[in-house]
Structures are given as structure tokens and as C-alpha cells.
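S.K.:
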Amino acid sequence: MPGTNGADRAGDPALRLGGRWRLWDQFSLRGAGFPADGVLRLVDDELALAADRIGLPPGSPRSAGAAPAASAAEWKAFEESFAASAVKSALTLQSAAATPEFRTAVAWQNRVVLGRAVQPYLSWRPTAARTSQVRQREELVAHYWQRLCVKNDTIGFFGPVGWGRYDPTVPGLAVDPGRGLVAETTVYFASWAIDGLARSIGADPVLAGWVAPRRVPFVRVDGRTVSLPGRPAQQLTPELSEVLDRCDGTRPALRIGQELGHDVTEALTELVRRRLVVWRLDIPADAYPERHLRAWLATVEDPAARQRGLDKLAVLEHHRERVREATRPGELSAAMAALEDDFVALTETAATREKGATTAPGRALVYSDCRRAASVRVGPEVLSALAPLDPLLTSATWLTSALAERVMARARRVFDRLAGPVDLATFWFACMPILHGEAVSDVTELQAEFWARWVRLLRIDDGARRVVLSLADLADRVREVFDAPGGGWPTARYLSPDVMIAATDAEAVGRGEFELVLGELHVAINTLGASLYLNQHPNPAELVELTDRDYPEPRLMPLISKENRSRLSTRIRYSLARPEDYYVALVDFTADPHRPRTVNSADVSVRAHGERLVAVLPDGAEFDVVDVFSHVLTSLVLDRWRILPERDHTPRVTVDKLVLARETWRFAADQLAFAEEKTEARRFVRARRWATTHQLPRYVFVTSPAEPRPLFVDFDSPVYVNLLAKAARRLVRKDPGARLTVTEMLPTPEQTWLTDDRGDRYTSELRFVAFDTGRDEPES
Numbered sequence: 002m003p004g005t006n007g008a009d010r011a012g013d014p015a016l017r018l019g020g021r022w023r024l025w026d027q028f029s030l031r032g033a034g035f036p037a038d039g040v041l042r043l044v045d046d047e048l049a050l051a052a053d054r055i056g057l058p059p060g061s062p063r064s065a066g067a068a069p070a071a072s073a074a075e076w077k078a079f080e081e082s083f084a085a086s087a088v089k090s091a092l093t094l095q096s097a098a099a100t101p102e103f104r105t106a107v108a109w110q111n112r113v114v115l116g117r118a119v120q121p122y123l124s125w126r127p128t129a130a131r132t133s134q135v136r137q138r139e140e141l142v143a144h145y146w147q148r149l150c151v152k153n154d155t156i157g158f159f160g161p162v163g164w165g166r167y168d169p170t171v172p173g174l175a176v177d178p179g180r181g182l183v184a185e186t187t188v189y190f191a192s193w194a195i196d197g198l199a200r201s202i203g204a205d206p207v208l209a210g211w212v213a214p215r216r217v218p219f220v221r222v223d224g225r226t227v228s229l230p231g232r233p234a235q236q237l238t239p240e241l242s243e244v245l246d247r248c249d250g251t252r253p254a255l256r257i258g259q260e261l262g263h264d265v266t267e268a269l270t271e272l273v274r275r276r277l278v279v280w281r282l283d284i285p286a287d288a289y290p291e292r293h294l295r296a297w298l299a300t301v302e303d304p305a306a307r308q309r310g311l312d313k314l315a316v317l318e319h320h321r322e323r324v325r326e327a328t329r330p331g332e333l334s335a336a337m338a339a340l341e342d343d344f345v346a347l348t349e350t351a352a353t354r355e356k357g358a359t360t361a362p363g364r365a366l367v368y369s370d371c372r373r374a375a376s377v378r379v380g381p382e383v384l385s386a387l388a389p390l391d392p393l394l395t396s397a398t399w400l401t402s403a404l405a406e407r408v409m410a411r412a413r414r415v416f417d418r419l420a421g422p423v424d425l426a427t428f429w430f431a432c433m434p435i436l437h438g439e440a441v442s443d444v445t446e447l448q449a450e451f452w453a454r455w456v457r458l459l460r461i462d463d464g465a466r467r468v469v470l471s472l473a474d475l476a477d478r479v480r481e482v483f484d485a486p487g488g489g490w491p492t493a494r495y496l497s498p499d500v501m502i503a504a505t506d507a508e509a510v511g512r513g514e515f516e517l518v519l520g521e522l523h524v525a526i527n528t529l530g531a532s533l534y535l536n537q538h539p540n541p542a543e544l545v546e547l548t549d550r551d552y553p554e555p556r557l558m559p560l561i562s563k564e565n566r567s568r569l570s571t572r573i574r575y576s577l578a579r580p581e582d583y584y585v586a587l588v589d590f591t592a593d594p595h596r597p598r599t600v601n602s603a604d605v606s607v608r609a610h611g612e613r614l615v616a617v618l619p620d621g622a623e624f625d626v627v628d629v630f631s632h633v634l635t636s637l638v639l640d641r642w643r644i645l646p647e648r649d650h651t652p653r654v655t656v657d658k659l660v661l662a663r664e665t666w667r668f669a670a671d672q673l674a675f676a677e678e679k680t681e682a683r684r685f686v687r688a689r690r691w692a693t694t695h696q697l698p699r700y701v702f703v704t705s706p707a708e709p710r711p712l713f714v715d716f717d718s719p720v721y722v723n724l725l726a727k728a729a730r731r732l733v734r735k736d737p738g739a740r741l742t743v744t745e746m747l748p749t750p751e752q753t754w755l756t757d758d759r760g761d762r763y764t765s766e767l768r769f770v771a772f773d774t775g776r777d778e779p780e781s
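Its first residue numbered 2, the sequence shown is counted upward by one per residue in the numbering used here.
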């Protein structure tokens, strides 16, 4: 068995962590699209020092040992300095917001904000006196600015997708900045936009005849008897049965009528009424839904009707090209507005969607994804420093294995109660209370046990701020405490860690002057298989080859909805499906119906092979039934990776050169009394006192249950203190008992090594893929 740093075999780029984990030799480079030092431009060092020197504001509540209150004269002088600094900060923020890059980024995210907030803010002449409306606009601009500068995102040019590789010849880290920030940009239609157009086209009475009806995936057919899970079987008339037999999603209604020698409109309408058939123009889930719509229109043999549909599609495609070609913010906004106007006219559907619990990301009709010009290579020094991931990955597989064991034990009882064999559709619906009820409780219990085991392993002293361990001390104990066969379901053999490198520059990494920081660990999923990564890779076939190495045999994967409440959209849906892989449609049929090896759940049989439950497909292929549950199970554990429980304070945990957990604090929102201060000067002074009292670092990220994304806060910046105060006030109004999570920023803005061809530095992280080989071969 090869060592930690070596390739598996000569010429094989697969890498090892310990003896169990195989790393992909490629990784994604995620980073911001604006230089990191942008957030530091909103800092006044002298003001911060003055705020620390001055006493408490007059009238502030005092505690024993607190600094004396400032005199009226001292406080007036400080307020004057604060007002002058606020004017300078406003000018700096206006300068940032006036750039085409900033306004273009905002236009992509929410173009309405440009006219309602950004442009009025730019038109304002900064003075010491600011209205509430001006402050709100400034806070909105600052909120966008911090995200653009320090959020490692993957969207548009302000979060371009980069790529990197392992290179054993590189001393530490090498950056090829490329030319410019972005190498390639693609503008995509949102899937819901093309779905809306498809509904409009499909409503054309002539075109409707060319829509291929398809049987609902969970409808079982046995001769003229049809059944749905949980409902009595139905007997169909010979006519309905003949039509249903031909509803395979590939035969247009007109073709079915031709085969049977009569019009089938009435029969199809009845089958739809009985919920046995779907007869509408559905577009498969794909990054390019318009291509599927165009391909369908090409099958329409009525020239006039076909052209009507093509003309509608051409209108949207024309506007999409205008959006892509726009080079200035005004042009982009105008192109988007024109697209929206014509979309509404064509579809009689709203052109934007409000954010909500039932909508996935992507409110606009189009979005852009970009490939970063810069690329990265890491050498053996970085790979060696990744070694402490081994115990964390091992513990995560205990979590997935334990969950799978509990779920499948209950699923077996369901199977026995149904007196199988039984069709998969019936079995799936019977297991819904397990997957969406008991399994949720299971994973909560298991996470608590996961935390308890890690706390015992780490032996953290009360009040400790730093826990420093060596891998040699930890590895054996972790394997004992988290002994598990691994995986639990196929995708659980994948784990995707986000790792940041804290270093002053790439050369420092080669000298060994660096530290690694774990950002997140995505459990039971290969996130690089998502559409947004696959489509931004310079050679997607390479990712397919890496998948082939992990899974040389076909896989069975459940077809999932295009969107759901768990943040699913076509951008992030798994797209590394190979022709030899099988899809099974459980409830929603979102694949191309012409795709081979795509089956309905009602046509799959669930059988017992000893203690195993297997899904037997129509062609005789067999898979573990847990494969069908994979998406639901992954959704349950995806974000359960943290090794420390949610306490008032948890320390930074470092193993060798890898930080596994950053120092974190949690505060009830109403504990941030400074947030209620009416004047910004008083708020700034009291916020710095509060941060000092709790020994918070200068740079932190704050997560609120009322906010969708973490907020960067620099306690030396009044602008970002105001954003923190606003987040606290908003949370108090929503839930006074809710808590804000404060996490140290590590690496800091000064520890950035990713550069472009102009020398600007960016925050970044490397997203790796680790594959569990524990079921394939013994550990060395």
C-alpha cells in the first residue's frame, strides 16, 4: 500500500490520505472576484485607536471595573472625528460602488437594487449629516462589497470557478494567474424560465399533439389493471389500456393516435384526470434546457406550428445574447429588462421569483457562470499537511454508516410488513415516514453522539481557546472510537472538504510558512459533480475518468426534482452521470425520456437476498435498495460535519498544520446591547468594548438565522460594525432568543496568496474530493 503522499501506481494520479482515502488529483479553486484588500479600505486606524482610548459614552450603563465615562468635551471631539471619518468612508464606498465591476455584479444579483439604492447613493454628496434612507443605502452597498471581496463563492465573474491539480514537482504551491480574472463566461437560462416558455408553447392546440405523454413513474401496470401506492387497483377499458401502454414519453400523442387508428385526445385527457399520465411539455433537467426545447420543436412535423414555437424561443435566445454581450452595467440592466418584458409577453408569467422556502436559488431568467483565468498546482508539502483530514473523514463515515444502518433496519421491517417482493414505488412511499420523519430524529441523535465522541477524544479544558494536537496522537484513537465499515450508501463514499491555505504568498508555502484551514466538509457527496463545476471545467471528460476509477461498475441513481427546498437547482444538481449508469424515477421524471437505462419506480422490484434488500431492474440488474435512498440520506447529513457542539464558546482545534475547527462564539441577539445605540459613534465605541470583553479577533464572520449568508465584520470599521448591529436588531425582532454565531476569520485578508495578472490578491479555498476505498481493499 502506498504512503500518504504517493501516487497509487506508476502513472496513476490518484493520491492517498492514510491508507483509506483516495484524493482526486484535481480540485476546484473557489474564490472571490474582487481583491481581498477592498474591505480594508473602509478602516480608519486612528479612529479605532481613539475609540479605545476614550471612556464610555456619557450615559452608558457601567459595570464594576469599567472605564470611566468620557467628559462631554472629550465625547464631542470624538464625535467630530467620527463624523469626519464617516465622510471619508462614504467617499471610499462610493468610489467602490461607482466601478463598472461592482455595478455589474449587483446587476447580476438584483438589478432593481441598482436603481433603487446604488445610483441614489452615488448621487448623494457625503456629509456628516445623513438621513435614515442614506444610511440604509450605504449599508446595502457595504453588504454587497464585503461579500464580493471576501466570500469564496461560485457564481458569475464575482465568484468564478477555478481549477487546480496536484503536481509532485511543485515546491509547495504554484499559481498561474492567466490573463485577466475570467477565462470564459457562459450565460445560461434558468430552468424555470424555459419551463415557463415550454408551458406556453405546449398550450398551442396544434403543438400539443406533438407532446409525448408519459406514465407517472409510480403507476404500476399489470395488463389492464393499474395501481398507485396506497390506493385500490383500477381496471381500465381496453381503449384506455392501449393508450396507456404507449405513454412512454417518446411517442407524441398524434403518433399514438396513428398507431391505434383513432384520435386519442379524449383517452389521454381521462388518463391525466386519473393521474396515471402526464401530458405536458416537460423539459429535462439540464444546464441547457433551451437545447432540449429546440430539439423537441424539430420533431414537430407541422411547419407553421413548429415555427411559432421556434420564433418564441428565438426571442429569448436573442435577449440572452444581448445580456451576454453587454459590457457596461447600464447595457446589462437594459438587456435584462428587455428579456423580462418579452418573457412576460410570451408566457404571461412573472419574470422574477421572490425568495422563499419553496424556491431554489436563481430568481432571474438568466445567470452566468465563469471559469477563472488563474489555475493552481499544489505539491507534496500541501498534500502532507492535508493528512489530518484522515480522522475527520473516518468519523464522518461512522455518521453515514450508522444512519444507513438505522434506516435500512426500519426499511426491512416495512418490506416484511408488505410481504414482498413488492414494486419499488409501493416500497418507496411506504418508507416516506422513515426517510422524512424517523431518519431526521436519527441523524440529530447521531450528531449529538458524534460531538460527544469528539469532545472525549480532544479532551478540551474548560475555557481553552486553542487545542493543538498531532496526527500521531489522534489517528489510532479516532479509528477505535469511530470504527465503521464506511459509506452506508454509494455517494457516502465521497466527501468534499474545502481547505484554505493561510500564507502571505505562494513562495511562503514552499518554505513551509503556511497553515491549512478547513472551511467546510460536504458529507456524502462529490460536489465537483455538480453541473456548475462540470460545465466550467476545461475538459469535463477528465472528471468522468476520475469517476470511472471510483465506480468502474454502473451505478443506480434516483431521479430528483429540478428544484426543492433543500437549495437544489439545476446549477448544483449532480451531473456526472455516465451512459452506463441507471436512473430510477421515483416521483418526478426529470431526465430525457429517450435516455437508455432510465426506469420507472413502478417497474422495479424490491426483493430480499438474505439480510439485503435489492432493487431488481427490468433488465435484471440488481442494486442495494439504499442506493435509491441516497439523495434523501445525503440531504440529512450534508452539513453535519462539525466536530464540536454548539456551545457559547468553542476553541480553535489544530492537528499538525491543519485547523479542523476555528474559534467560535455564540451570543443571544439581545446580548449585543451596542446594537440598540442610536448614534453610530456610541455604537462603534461600545461594540469595540464588547468585542474586547469577549476576546474576539478583529476579523470575524457572523452567521444569523435571519440572514442567508455569513457576514464579514471588521471591528476596526464603523461601516461593518453597523452591519453587525443591523443583523442583531433584525434577529431580535424575528426571535429575541435566537443566537448569532461569530467565527474567527482564518485566513485573514492579509493571508491571501491567489493573485491575478495585475498582482491583486483574492481570498480562496480549494475544494477537494476524497473517495473512501475502505470497502474495496484492506487498509495497509
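The beta-carbon is built from N, C-alpha and C at its ideal position, and this holds for glycine as well.
Return the CA-CA distance between residue 265 and residue 210, expressed in angstroms with no decimal places.
M.R.: Approximately 10 Å, taken between the alpha carbons.
S.K.: Starting from the Cα of residue 411, find the closest Cα among 665, 749, 443 and give me that residue.
M.R.: Measuring from the Cα of residue 411, the nearest candidate turns out to be 443.
S.K.: Starting from the Cα of residue 219, find the closest Cα among 425, 288, 178, 16 and give me that residue.
M.R.: Comparing Cα positions, the closest option is 425.
S.K.: If you measure between the beta carbons of residue 131 and residue 93, is that distance less than 8 Å?
M.R.: Result no, Cβ atoms of residue 131 and residue 93 do not sit closer than 8 Å.
S.K.: DSSP three-state label for residue 72, please.
M.R.: Three-state DSSP puts residue 72 in coil, outside helix and strand.
S.K.: According to DSSP, simplified to helix, strand and coil, what is residue 111?
M.R.: Reduced to three states, the DSSP call for residue 111 is helix.
S.K.: Closest Cβ-Cβ distance between residue 285 and chain D: below 8 Å?
M.R.: Within the model displayed, chain D is absent; a lone protein chain is all it includes.
S.K.: My guess is that residue 188 and residue 321 are in contact by the Cβ rule of under 8 Å, so how many angstroms apart are they, rounded?
M.R.: At roughly 6 Å, the Cβ-Cβ gap stays under 8 Å, so residue 188 and residue 321 are in contact.
S.K.: Over what stretch of residues does the alpha helix (DSSP H) that includes residue 153 continue unbroken?
M.R.: Residue 153 -> no alpha helix (DSSP H), and no H or E assigned at all.
S.K.: Would you list the one or two residues that DSSP bridges to residue 713?
M.R.: In the DSSP output, where bridge partners are listed per residue, residue 713 has 702.
S.K.: From 598, 662, 548, pick the residue whose C-alpha is nearest to that of residue 792; which is it?
M.R.: Beyond the ends of the chain as shown, which are 2 and 781, falls residue 792; an answer cannot be given.
S.K.: Would you kindly work out how many angstroms separate the C-alpha atoms of residue 195 and residue 291, rounded to a whole number?
M.R.: For residue 195 and residue 291, the distance between alpha carbons rounds to 6 Å.
S.K.: For the beta strand (DSSP E) that residue 1 lies in, which residues bound it at each end?
M.R.: Any question about residue 1 goes unanswered here, given that the chain covers just 2 to 781.
S.K.: Using only CA atoms, which one of 156, 414, 449 lies nearest to residue 373?
M.R.: Taking only the C-alpha atoms, the option nearest residue 373 is 156.
S.K.: Does the region 638-655 touch the region 463-471, meaning 3 or more C-beta pairs lie closer than 8 Å?
M.R.: The region 463-471, when compared against the region 638-655, does touch it at the 8 Å Cβ threshold.
S.K.: Closest to residue 289 by C-alpha separation, out of 337, 731, 318, 250, would be which residue?
M.R.: Taking only the C-alpha atoms, the option nearest residue 289 is 318.
S.K.: Under a three-way DSSP split, which group does residue 25 fall into?
M.R.: Coil, per DSSP.
S.K.: Since residue 324 contacts residue 367 with CB under 8 Å, what's their CB separation in whole angstroms?
M.R.: So it is a contact: roughly 6 Å between Cβ atoms.
S.K.: With C-beta atoms as the reference, is residue 768 less than 8 Å away from residue 528?
M.R.: Contact: yes.
S.K.: In terms of residue numbering, what span does the beta strand (DSSP E) encompassing residue 667 cover?
M.R.: Its beta strand (DSSP E) spans residues 665-669.
S.K.: Per DSSP, which one or two residues make a beta bridge with residue 164?
M.R.: The partner list for residue 164 (beta bridge, DSSP) reads 29, 376.
S.K.: So within the region 489-559, which uninterrupted alpha helix (DSSP H) runs reach at least 4 residues, ignoring any that extend past its ends?
M.R.: Listed in chain order, the complete alpha helix (DSSP H) runs (minimum 4 residues) inside the region 489-559 are 507-511, 532-535, 541-551.
S.K.: When the distance is taken between beta carbons, is residue 750 closer than 8 Å to residue 38?
M.R.: Yes; because the gap between Cβ atoms is below 8 Å, this pair is in contact.
S.K.: Just to confirm before moving on: does the CB-CB distance between residue 340 and residue 404 stay below 8 Å?
M.R.: Not closer than 8 Å, so no.
S.K.: Does DSSP put residue 66 in a helix, in a strand, or in coil?
M.R.: Unreliable positioning characterises residue 66 in this predicted model, as indicated by a pLDDT of 45, which lies under 50. The coordinate reading is nonetheless provided below. Looking at residue 66 - three-state DSSP - the assignment turns out to be coil, as it is neither helix nor strand.
S.K.: Just list the alpha helix (DSSP H) runs in the region 213-281, keeping only unbroken ones of 4 residues or longer that don't cross its boundaries, in chain order.
M.R.: Taking only runs of at least 4 residues, the alpha helix (DSSP H) segments lying wholly in the region 213-281 are 239-246, 254-261, 266-274.
S.K.: Closest by CA to residue 783, which one among 695, 724, 601?
M.R.: Lying outside 2 to 781, the shown extent of the chain, residue 783 is not represented and no answer is given.
S.K.: What residue range is occupied by the uninterrupted beta strand (DSSP E) comprising residue 765?
M.R.: Segment 765-768, the beta strand (DSSP E) holding residue 765.
S.K.: How is residue 609 classed by DSSP in three states: helix, strand or coil?
M.R.: It is a strand residue.
S.K.: Distance check for residue 472 and residue 621, CA to CA, integer angstroms please.
M.R.: Answer to the nearest angstrom: the Cα atoms are 47 Å apart.
S.K.: What is the residue span of the beta strand (DSSP E) that residue 599 lies within?
M.R.: Residues 599-601.
S.K.: Taking the continuous beta strand (DSSP E) assigned at residue 575, which residues delimit it?
M.R.: Run containing residue 575: none; DSSP gives neither H nor E here.
S.K.: Suppose contacts are defined by Cβ-Cβ distances below 8 Å. Is residue 523 in contact with residue 544 by that definition?
M.R.: Contact: no.
S.K.: Please name the residue in 761, 721, 754 whose C-alpha comes closest to that of residue 136.
M.R.: Closest by alpha carbon: 721.
S.K.: Below 8 Å between beta carbons: does that hold for residue 489 and residue 402?
M.R.: In contact: residue 489 and residue 402 (Cβ atoms closer than 8 Å).
S.K.: Around the C-beta of residue 610, are 16 or more other C-beta atoms found within 10 angstroms, so that it is buried, or is it exposed?
M.R.: Counting Cβ neighbours within 10 Å, residue 610 comes out exposed, since fewer than 16 surround it.
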